[in-house]
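Q: To start, I am sharing the structure in question, which I have written as structure tokens.
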Ligand SMILES: [Zn+2]
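Residue numbers (the numbering used here): 122 to 672.
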């Protein structure tokens, strides 16, 4: 795992060139596939192929009289006609587009070096996907045909409601039932106890009970990273891809997960199910109208005639394409909210921006795609907008606000070397502050406690406190609430190397001059006590660092 103090990741210009080309090719493939798909279905409808095949199927299965299917005994023959007609339509398409799928899903990602999947792995996944489609598709087709026959006027409502129930069930069960078909899932073990504790703590503080942190082996397919908070209530789990775990810093993983947590806090999953339900009911209603029209136009027996399936498919595809920009913008709105939540909950804009950049470099995401591309293809705000949000947030977090009174008291106590009293005040200030500036109080508090441990000759305690101080101060901007953060970070680093150089047996020899009071900004002296703590400005210390601010 990458170390905590490393430089934030930036968007790689070379990878951006690849990202633009990759996206352009994928877009063309997607246009090609949609266009060909519509043409193919039109061929079945307008060319009359659909009706002719159904007639010959009915004849051979002597099901022509049985098509209305009014008795139970007639259903097997009717069901067989439905399935064979669907297979006659779907199988040639599946075979004909296999090369396209192979190119877009295997060759292209390999050419751009984001795929790690082997050819047997890709074939296995295709077979599994086909198996799942059959497993769900066959019963769905039969039930749909049953609804069409039984409720010729209101089938769209019943089928829609059934579909919604199915979606709901799958959302609940997908992480348990579907994920293990494609990936190996294991609990995040002891080796990452610290990270898993942090993530569970983050979830708990958002009031979301989680069953645990799990890792899935996305690395057998791709170098891209991913994380999710799946399931609802009792089945909710944190899922991290092994690629995320291997390449992201704990801070970055925290911001990625906080984004997912944002979706939970904003109830995006119920909202998504609700909007999907509206879309499904609306689409099925349009499909109902299209079916009625196609019966008139192409001479099908009734709307339940399997020959009408391509007509239904066309109407569903077209309405899906028309709704795409609307659904994408709904999704981008909620994703933007989740980003804001991630920034607020972690207070780590630098780690957030770094994680987004790392994701973009790995997944080949475009920085600033054209607006029409965003409208048609992007369910997330484009990378550039997400980085800009993090920058604005960092600016706000370190803006012109002044220290709240309690933090000011804590700071004075710190400067008077009354570290234990300082810790109590700063802890209260930390609890009271929702903004990321709270990490500043936390960092100073831990630095004070480190000095306290030094005075008690407690080596381990001092190192622990300095670790934490470094952690809390790391993501802050260079200036925060009127305080210069870098000199504080420098003091932490200097004290840490002193303590470590001396070792447990020589704690008494720690140089007390490494302590420097934190200059209290002028605006923070409402009672005119200016000069109570002379700023000592140890310039050598402030030059020691790497200039904390990220982008
Ligand atoms: Zn999201």
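Virtual Cβ for every residue (Gly too), placed ideally from N, Cα, C.
Going by C-alpha distance, which of 405, 625, 365 is nearest residue 684?
A: Since the displayed the chain opens at 122 and closes at 672, residue 684 lies outside it and no answer follows.
Q: Taking a contact to mean a Cβ-Cβ separation below 7 Å, would you say residue 359 touches residue 331 in this structure?
A: Yes. Within cutoff.
Q: Report the partner residues of residue 362 according to the DSSP bridge assignment.
A: Answer by DSSP bridge pairing, in chain order: 337.
Q: Which same chain residues end up closer than 6 Å to residue 269 when comparing Cβ atoms and leaving out the 5 residues on each side of it in sequence?
A: Counting only Cβ-Cβ distances below 6 Å, and skipping sequence neighbours, we find 276, 424, 425.
Q: So what's residue 646 in DSSP terms, helix, strand or just coil?
A: Per-residue confidence for residue 646 stands at a pLDDT of 46, beneath the threshold of 50, marking its modelled position as unreliable; the derived number appears in the next sentence. DSSP places residue 646 in coil when its eight states are reduced to three.
Q: Let me check understanding here. Comparing Cα to Cα, which of 604, 593, 632, 601 lies closest to residue 572?
A: With distances taken between Cα atoms, residue 572 lies closest to 632.
Q: Quick check: the Cα distance between residue 430 and residue 207, rounded to an integer number of angstroms?
A: Each residue's Cα considered, the two are about 8 Å apart.
Q: Inspect the beta-carbon positions of residue 637 and residue 612 and report whether they are closer than 7 Å.
A: Yes, they are a contact pair.
Q: Once DSSP output is grouped into helix, strand and coil, what is the label at residue 357?
A: Residue 357: coil per DSSP, three-state reduction.
Q: Can you give me the start and stop residues for the beta strand (DSSP E) that residue 348 sits inside?
A: Taken as a continuous stretch (DSSP letters only), the beta strand (DSSP E) holding residue 348 covers 348-351.
Q: What is the DSSP secondary structure of residue 306, reduced to helix, strand or coil?
A: Of the three classes helix, strand and coil, the one that applies to residue 306 here is strand, per DSSP.
Q: Taking the alpha helix (DSSP H) that residue 231 belongs to, which residues open and close that run?
A: Segment 229-232, the alpha helix (DSSP H) holding residue 231.
Q: Excluding the five sequence neighbours on either side, which residues of its own chain have a C-beta within less than 7 Å of the C-beta of residue 376, listed in chain order?
A: The residues are 463, 467, 469, 472, 473, 476.
Q: Which same chain residues end up closer than 7 Å to residue 446 when comparing Cβ atoms and leaving out the 5 residues on each side of it in sequence?
A: Once the five neighbours on either side are set aside, the close Cβ partners of residue 446 are 496, 497.
Q: For residue 247 and residue 235, what's the separation of their Cα atoms in angstroms?
A: One C-alpha to the other measures close to 19 Å.
Q: So residue 550 and residue 528 are supposed to be a Cβ contact under 8 Å. How far apart are they, rounded?
A: So it is a contact: roughly 4 Å between Cβ atoms.
Q: For ligand 1, list every residue whose C-beta falls under 6 Å from any of its heavy atoms, going in chain order.
A: After applying the 6 Å Cβ criterion, the set is 380, 384, 456, 459.
Q: Can you list, in chain order, the residues of its chain whose CB lies under 7 Å from that of residue 589, leaving out five sequence neighbours each side?
A: Only 567 meet the Cβ criterion.
Q: According to the neighbour-count rule (16 or more other Cβ atoms, all chains shown, within 10 Å of its Cβ), is residue 562 buried or exposed?
A: So residue 562 ends up on the buried side.
Q: Between which two residues does the alpha helix (DSSP H) holding residue 208 run?
A: Start and end: 196-223.
Q: Give the straight-line distance between the Cα atoms of residue 130 and residue 409, rounded to the nearest whole angstrom.
A: If I take the Cα positions, the gap works out to 52 Å.
Q: Do residue 542 and residue 455 come within 7 Å of each other at the CB atom, strictly closer than that value?
A: No; because the gap between Cβ atoms is not below 7 Å, this pair is not in contact.
Q: Between residue 568 and ligand 3, is the CB less than 6 Å from at least one heavy atom?
A: Absent from the structure shown: ligand 3. Ligands present: ligand 1.
Q: Have a look at residue 133 and residue 483 and give me their C-alpha separation to the nearest angstrom.
A: Computed Cα separation, rounded: 10 Å.
Q: Starting from the Cα of residue 524, find the closest Cα among 599, 510, 417, 603 and give me that residue.
A: That would be 603, whose Cα lies nearest to the Cα of residue 524.
Q: Kindly list the residues whose CB is nearer than 8 Å to the CB of residue 516, restricted to its own chain and excluding five residues on each side of it in sequence; keep chain order.
A: The residues are 598.
Q: Assuming the contact rule is C-beta atoms closer than 8 Å, residue 394 and residue 289 should be a hit. Round their C-beta distance to whole Å, please.
A: At roughly 6 Å, the Cβ-Cβ gap stays under 8 Å, so residue 394 and residue 289 are in contact.
Q: Give the DSSP bridge partners of residue 604, in chain order.
A: Answer by DSSP bridge pairing, in chain order: 601.
Q: When you compare only the Cα positions, how much space is there between residue 415 and residue 421?
A: Rounded to the nearest angstrom, the two C-alpha atoms are 7 Å apart.
Q: Give every residue of the same chain whose Cβ lies closer than 7 Å to the Cβ of residue 161, excluding the five residues on either side of it in the sequence, and list them in chain order.
A: Same-chain partners within the cutoff: 214.
Q: Just confirm the distance between the C-beta atoms of residue 139 and residue 485, as a whole number of angstroms; I'd bet it's less than 8 Å.
A: At roughly 6 Å, the Cβ-Cβ gap stays under 8 Å, so residue 139 and residue 485 are in contact.
Q: Give the DSSP bridge partners of residue 288, in chain order.
A: BP columns for residue 288 are empty, so no partner.
Q: Starting from the C-beta of residue 719, find all residues in its chain whose C-beta is less than 8 Å away, skip the five residues before and the five after it, and write them out in chain order.
A: Missing from the structure shown is residue 719; the chain here goes from 122 to 672 and no further.
Q: Measure the CB-CB distance between residue 370 and residue 339 and report whether it falls below 7 Å.
A: Not a contact, by the Cβ cut-off of 7 Å.
Q: By the three-class DSSP mapping on this structure, what secondary structure does residue 452 have?
A: Residue 452: helix per DSSP, three-state reduction.
Q: Tell me which same chain residues have a C-beta within less than 8 Å of the C-beta of residue 156, skipping the five on either side of it?
A: None.
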